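Here's the structure, in structure tokens; my notes come after.
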Amino acid sequence: MGIMISALRRFHGGVHPKEYKELSRHCAIEGIPLPERLYVPFHQHIGAPCDPCVAPGEKVLKGQMIGRAGGYVSAPIHAPTSGTIEAIVEHVAGHPSGLTMLCAVLVPDGNDQWHPDLKGLVDPLDLEPQEIRDKIRDAGIVGLGGATFPSHVKLTPSKTRPVEVLLINGAECEPYLTCDARLMEERFAEITDGIRYMLHALQTTQCVVCIEDNKPGAIQAMTKAAKETRNIQVLALPVMYPQGAEKQLIEVVTGRQVPSGGLPGDIGVIVHNVGTALAVREAIRFGRPLTHRVVTVTGQGIARPANLEVPIGTPVQTLIDRCGGLKSGVKKVVMGGPMMGLALNDLQVPVVKGTSGILALMANETVQKPEGPCIRCGNCVRVCPLKLTPCEMAWRARHDLLDQLGDVHLQDCCECGTCAYVCPSNIPLVHYFRYGKFALAAQKREKEKTALTKSRSAAKEARVAAEKAEKERKKEEMRLAMEAKKKAAAAAPAPAGENQATTPPEEHAPAAARPGGSVAPRVAREKNTP
Amino acid sequence: MSKLPLLVTSSPHVHGGNSIPGIMNAVIWALLPGAAMGVMVFGWSALFVILITVAACMVTERLVNAIRSRPSTLPDNSAALTGLLLAMSLPPNSPWWVCVTGGFFAILLGKHLYGGLGYNMFNPALIARVFLLISFPVQLTSWPSPSPLMSGQAHSLAEGLALILSGPAGAPELLDALSSATPLGQYRTELGLGHTVAEALGGTYAFDLLSAATGMLKGSLGETSAILLTLGGLYLLRKGIITWHIPGAMLAGCLAPAAIFWYLDPTKYPDPLFHLVTGGLILGAFFMATDMVTSPISPVGQIVFGLGCGLLTYVIRTWGGYPEGVSFAIVIMNAAVPLIDQYSRPVVYGAQKSKA
Ligand code: SF4
Ligand code: SF4
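Line by line, the protein sequences are chains A and B. Per the working numbering, the first sequence starts with residue 296, numbered consecutively. Per the working numbering, the second sequence starts with residue 2, numbered consecutively.
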């Protein structure tokens, strides 16, 4: 029954792109001087956006909440430093649509003064797990590997299935990035401390720290730290992209597969990033919310690659300037890793909680070839870690065959980009998948809308019919009453047969109302099914 | 302040470097030893067949591009590859007009009529060969005996050219070389006359496995050298251009029944090695059936497809109306690819358990 932890398994497919980690591998984490302005978006996570809870002109202290969580699956936003809220405006943001996002513009006062109310927990391991989770929730911690899913949600064990093992993801399988590797090398003790609180929140005892074996320094440091803590095991994995994707990591380490459409918790496994463990520690020990993160600034287009610890909201341009600026001939600036990151067209975009890297890519590092026809080579099918058929998915998305996208499991695609990496025709497969998902979502919304209108109009029809029937019934009653009166006025005792002859209309009335009455439940059911 | 001309495209931002010309060129390289052997064995005429067919394909490709006002697709080298494959499946003395018609048919009707590279249902080279075989059965079944370059029987460059340009009449002294049959043809004809396999292939015909494996036997220009073609195939496997699924399954699909029937009755059915080294089985398995556009995309589908190709090859060779079945088998299986693809999709990660 127990989980067999092993580094010998593999996931299906995968690729091994050129790593380029040597550019920044040896760059110790360093801070930066406070920028002139921070642009802190109110939506930095998966889930509901935050509601601003500060007004322009207001002075805030470091760690003070400035955006209230918009629901259970959401995470509050805090001031990364002390200063004045200059404005709350729409500002460019790292979003695929290129749209702007609501941001708090914070002008630092230079004191970097923590809010005095921020306090850590005393003897956290003796507290109820829920108290740990609440603290983590209030600290605004989200998955720092890039997925940005609110961590307190992922630290809540499901009621039906206990958590057997916590996997700490230090795979860092994206090329170029080294921020997690540096964190593990430099802050191993803090990370293991954070892991203890996570284990407590999850009410489990087993933890495996998973690191790809191109990071010997991190493996060494974490192994040493783990020796001092019970329950933590370090596992070195052979390099393969996308091993750091949640589903693949689980498959490699535990041999189990997350059910399609399900959650890792369904099979007793929870995955958190190393950076998240560190943030958890800060929150539990010192009550400090997530205000900073480490970003790898690298690429051949960067004069001096570095691992910078920066306040959330720092513009990308500031990071690049700090690293000596862009070399001439830079083709692309990417936020995140080269496989899943987002190409930027504006360097004023701020760093958010999920930003792991800023890459400046030269022409020789990035793709520029025009898209060719699909020659059905099957490369994409061979490498897809989720065993999908990317060429078929792309073809259907491209031709708007939305109804057929389910047959090829488009929704299972994690957009890891492995397929596009090997495509000889340079087909932007992931682009088509995003389009397909977007179109499906739009279609679903449209369907829900029409279903709603339909149910509304059906309900209205039913109501009208019922009202009409009711009116008829009343009319009929009145008529009958009149007749009866007339008859009574005629003073002659009416024969029984005549009375009977007048009853059918009365029976008829409720019958007319019945179809109307039965419409409503049917509509309600229709609304529930899709 | 930061308005750089930055490229904004969808992720991923790095690429593994695979390319269509890369694939086509690798296949061409892998074919060249076999083709060179064909020229060595059959003389200069074979070289002209290759050159004319490749040229016909490339000219047609360019013309179609021009007519559809598209940029030239010649640089992807797929037309050149189609030409080479077609030439290698033709008799080494094919007249020039057969080569030109074949090349034209392959590119225009076999490929562009469907919409161009990636959209065609049948392997263009094979569909053209089938078309030629049906239209010009005489020319497509005239098999010259090997007349290796630098040997006594070799024809000169000029004679080779004359042979291709004006048919056998252009070089009457070479005529006597045109009479006999390929091993597969010999086997079928003689068996039809009531002889055993040993009688058919022994005696004056003197079939010899070793010379067959090296390529010294009658047959199409580029299909005779089992050894060099296998080496070419292994090169493609090593480079990851093809996987073992299709060639492995196709060879198994043909050789397994061959072994069974041979075991049951060796007088009527030749041994599997005979099937392996004669005809176009190896060329077909490594180079024709593996054509990416016209084969299934998933490994399971590829195995099914390969088995089908092999099995049909054996059936046609043994009981069909033609002595050689590789082209027909692959073309028939090409038509089944959409169906195979539909039913051989890999089981998606985590799918089994989601049904619960
Ligand atoms: S890798 Fe590209 S060309 Fe090959 S099958 Fe997939 S989409 Fe088509
Ligand atoms: S992007 Fe989607 S289809 Fe492509 S390899 Fe990744 S999961 Fe598979």
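We treat Cβ as the ideally placed atom computed from N, Cα and C, and that holds for glycine. This structure is a prediction, so every number in the text was calculated from the model and none was measured.
Identity of the residue in the options nearest residue i by Cα
i             : options                    : result
residue 512/A : 730/A, 362/A, 321/A, 354/A : 321/A
residue 29/B  : 226/B, 191/B, 48/B, 85/B   : 85/B
residue 533/A : 757/A, 780/A, 311/A        : 311/A
residue 114/B : 61/B, 154/B, 346/B         : 61/B
residue 370/A : 340/A, 710/A, 458/A, 738/A : 340/A
residue 590/A : 605/A, 502/A, 717/A        : 605/A
residue 416/A : 405/A, 410/A, 597/A, 429/A : 429/A
residue 165/B : 268/B, 200/B, 273/B, 100/B : 100/B
residue 467/A : 459/A, 643/A, 476/A, 460/A : 476/A
residue 37/B  : 81/B, 188/B, 225/B         : 225/B
Residue i beta carbon near ligand 2 (any heavy atom closer than 7 Å)
i             : result
residue 278/B : no
residue 393/A : no
residue 725/A : yes
residue 59/B  : no
residue 398/A : no
residue 351/B : no
residue 500/A : no
residue 688/A : yes
residue 423/A : no
Residue i at chain B interface by Cβ criterion, 8 Å
i             : result
residue 501/A : no
residue 686/A : yes
residue 365/A : no
residue 672/A : yes
residue 415/A : no
residue 554/A : yes
residue 667/A : yes
residue 729/A : yes
residue 682/A : yes
residue 712/A : yes
residue 462/A : no
Cβ pair residue i, residue j closer than 8 Å
i             : j             : result
residue 373/A : residue 427/A : no
residue 608/A : residue 333/A : yes
residue 715/A : residue 723/A : yes
residue 446/A : residue 438/A : yes
residue 483/A : residue 520/A : yes
residue 603/A : residue 325/A : yes
residue 304/B : residue 250/B : yes
residue 291/B : residue 243/B : yes
residue 103/B : residue 91/B  : yes
Distance cut-off 7 Å: residue i Cβ against heavy atoms of ligand 4
i             : result
residue 305/B : Judged by which ligands are present, ligand 4 is missing from the structure shown, whose ligands are ligand 1 and ligand 2.
Chain A contact for residue i (CB, 8 Å cutoff)
i             : result
residue 80/B  : no
residue 66/B  : no
residue 19/B  : yes
residue 344/B : no
residue 115/B : no
residue 298/B : yes
residue 11/B  : yes
residue 40/B  : no
residue 349/B : yes
residue 283/B : no
residue 352/B : yes
residue 119/B : yes
residue 8/B   : yes
residue 249/B : no
residue 24/B  : yes
Near ligand 1: residue i beta-carbon under 7 Å from a heavy atom
i             : result
residue 685/A : yes
residue 679/A : no
residue 708/A : no
Can you confirm whether the stretch 308-323 of chain A touches the stretch 411-428 of chain A when touching is taken to mean that 3 or more C-beta pairs between the two stretches lie within less than 8 Å? Contact fails: fewer than three Cβ-Cβ distances are below 8 Å.
Between the stretch 541-556 of chain A and the stretch 299-307 of chain A, do three or more beta carbon pairs fall short of 8 Å? Output reads yes: the stretch 299-307 of chain A touches the stretch 541-556 of chain A.
If contact is defined by three or more beta carbon pairs under 8 Å, each pair taking one atom from either stretch, is the stretch 253-270 of chain B in contact with the stretch 69-78 of chain B? no
Please confirm if the stretch 40-51 of chain B is in contact with the stretch 152-170 of chain B, defined as three or more CB-CB distances below 8 Å between the two stretches. Taking 8 Å as the limit for Cβ pairs, the verdict is that the stretch 152-170 of chain B does touch the stretch 40-51 of chain B.
Taking one C-beta from the stretch 628-640 of chain A and one from the stretch 358-365 of chain A each time, how about it: are there three or more such pairs within less than 8 Å? In short, these stretches do not touch, since the Cβ pair count stays below three.
Decide yes or no for the touch test of the stretch 292-306 of chain B against the stretch 315-330 of chain B: beta carbon pairs closer than 8 Å, at least 3 of them. no
Per the contact definition of three or more C-beta pairs closer than 8 Å, is the stretch 679-691 of chain A in contact with the stretch 700-714 of chain A? yes
Looking at C-beta atoms only, is the number of pairs between the stretch 644-655 of chain A and the stretch 663-677 of chain A that lie closer than 8 Å three or more? no
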